[in-house]
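Q: Got a structure for you, questions after.
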Amino acid sequence: MATTSLHPPDPIAVVALGGNAITRKGEEGNIQQQFANTRQALPAIVELIQRGYRVVITHGNGPQVGNLFLMVEATHDFIPELPLGVCVADTQGQMGYMIQQSLQNFLRAGGISTPVVTVVTQVVVDRQDPSFDHPTKPIGKFYSPEEAAQIQAEKGYHMVEDSGRGWRIVVPSPKPVKVVEKEVISMLLEHNVIVIAVGGGGIPVIELAENPTDPPDIKHDKQKRAQILGLDLAPEIYDGVDVVIDKDLASAVLANNIGADMLIILTGVDQVCLNFGKPEATQLDRLTPAQAQRYLAEGHFPPGSMGPKIEAAVSFIENGGKEVLITSLERIREALDGKTGTRLGAETEPLK
């Protein structure tokens, strides 16, 4: 006769490792350094496991996918080029391997037998997202004006001048909608597997399903893609697109998709600050979604740094999440104890 456990399932935490966790500023970024940095990041993950959390680890891939894109560009005369989405998949495997092996070794050395696995993860974006018409995310190396004009003419890439240092390829950065492998990740968590997923924001895909609101050009593009695949337009049929998805926003979507209790965003500072870097800087212990959105609108959280993390935190809470913790890798223990870090929840007043 089957029995039902009265013990509630362990809470789920999605932990988003910041870009400095694996490749650090000023380093060459070779594999040996990346492995060493990965090992240094592990105590934060183990701390959560020891506190009873089921853990999903997400990570950025900016330096890694940038280097891979440079290799693709450098060898395009000899080797067929890889689409950007395939480059993201490549880095998911590479970085997932580093995190997975390092964490397995760390756990086994401590007598913990919990399995660890990397899931190659696709993330759906909306083909009608306005960023498709306004690409802004720079990738790859800098080009001269002549090289940029040639690339734009031959390959159709959008090119922009970047801070006077040259011209770069820019791609769209649409908002994530859902994680394709969410059910698989949930099943792994039910079996107490530590999961590494949504690396680099996920492999970007669009759903080749009919949508009555699609304009003619998008409808035609979907039909053409489905024809190449030898399929009809239908829900849950996917195809890759050359865009970049923000890692923190994708982590929030994953956390909502799997019913996570907490989203932990690890970054380069111990707490979120107003007027960061100024004499009047103020550290925040707690934020509500409304306060966070107001501070975003006031320009306290720039788009290239804290902005996406705050957007991700707000999105997670507004879509049913319980709590977000933003802190540094080094202070995770103190942050979990409430001694540092910034927490975002649904409370009406911030705690000081």
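Start counting the sequence shown at 0; every next residue gets the next number (numbering that gives the first Met the number 0). Using N, Cα and C, we set each Cβ at its ideal position, and we do this for glycine too.
If you measure between the beta carbons of G239 and V204, is that distance less than 8 Å?
A: Yes, the Cβ-Cβ distance between G239 and V204 is below 8 Å.
Q: For H219, does the count of other Cβ atoms within 10 angstroms reach 16, so buried, or fall short, so exposed?
A: exposed
Q: Since K174 and L248 should fall inside the 8 Å C-beta cutoff, what is the C-beta to C-beta distance between them, to a whole number of angstroms?
A: 6 Å
Q: Using DSSP with H/G/I as helix, E/B as strand and the rest coil, what is P349?
A: Note that P349 scores a pLDDT of 43, beneath 50, so its modelled location is shaky; the value from the coordinates is reported in the next line. Note: P349 maps to coil in three-state DSSP.
Q: My guess is that V87 and N60 are in contact by the Cβ rule of under 8 Å, so how many angstroms apart are they, rounded?
A: 7 Å
Q: Here's the rule: buried if 16 or more other CB atoms are within 10 angstroms of the residue's CB, otherwise exposed. What is F315?
A: Around the beta carbon of F315, a 10 Å sphere encloses 16 or more other beta carbons of the protein chains shown; the residue is thus reported as buried.
Q: Got a sec? Which residues, its chain only, sit under 7 Å from P82 by beta carbon, not counting five neighbours each side?
A: Excluding sequence neighbours, P82 sits near G239 and D241.
Q: Quick check: the segment 187-195 against the segment 102-120, are at least 3 beta-carbon pairs closer than 8 Å?
A: yes
Q: Which residue marks the beginning of the alpha helix (DSSP H) containing G63, and which one marks its end?
A: Reading the sequence as shown, one finds Gln at residue 63 and not Gly. Looking at the DSSP string, the run of the alpha helix (DSSP H) that includes Q63 is G61 to A73.
Q: So P307 is in the alpha helix (DSSP H); what residue range does that whole segment cover?
A: Counted as a single uninterrupted DSSP element, the alpha helix (DSSP H) harbouring P307 occupies residues G306 to E317.
Q: What's the C-alpha gap between T339 and E333?
A: 6 Å
Q: Taking three-plus beta-carbon pairs below 8 Å as touching, is the segment 260-269 in contact with the segment 192-204?
A: They do not touch, by the three-pair rule.
Q: Determine the direct distance from the alpha carbon of D260 to that of A12, and round the result to whole angstroms.
A: 6 Å
Q: Between G320 and L262, how many whole angstroms is the CB-CB distance? I'm expecting something under 8 Å.
A: 6 Å
Q: Whose C-alpha, out of L343, Y96, N318 and E317, is nearest the C-alpha of I325?
A: L343
Q: Can you list, in chain order, the residues of its chain whose CB lies under 7 Å from that of Q33, leaving out five sequence neighbours each side?
A: Counting only Cβ-Cβ distances below 7 Å, and skipping sequence neighbours, we find I21, T22 and M97.
Q: Among all the DSSP beta bridges, which residues are the ones paired with H58?
A: L16
Q: Mapping the DSSP letters down to three states, classify H190 as helix, strand or coil.
A: coil
Q: Have a look at G276, A147, N256 and D128 and flag the residue whose alpha-carbon is nearest the alpha-carbon of E317.
A: N256
Q: Can you grab the Cα-Cα spacing for the pair C272 / K140, in whole Å?
A: 32 Å
Q: Along the alpha helix (DSSP H) that carries L265, what are the first and last residues, could you check?
A: Per DSSP, L265 belongs to no alpha helix (DSSP H); it is in the beta strand (DSSP E), M261 to T266.
Q: If you follow the beta strand (DSSP E) that G139 is part of, which residue opens it and which one closes it?
A: K136 to Y142
Q: Can you tell me where the alpha helix (DSSP H) holding Q46 begins and where it ends?
A: Note that residue 46 is Glu in the sequence shown here, rather than Gln. DSSP places E46 in the uninterrupted alpha helix (DSSP H) bounded by I30 to Q49.
Q: Who pairs with G95 in a beta bridge, going by DSSP?
A: Bridge partners of G95: none, in fact.
Q: If you run the structure through DSSP and keep just helix, strand and coil, what is L285?
A: The question names Leu, yet the displayed sequence has Arg at residue 285. R285: strand per DSSP, three-state reduction.
Q: Sorted by chain position, which residues of the same chain lie with C-beta nearer than 8 Å to L69's C-beta, five sequence neighbours on each side aside?
A: The beta carbon of L69 is closer than 8 Å to those of G139 and K140 in its chain, skipping five residues each way along the sequence.
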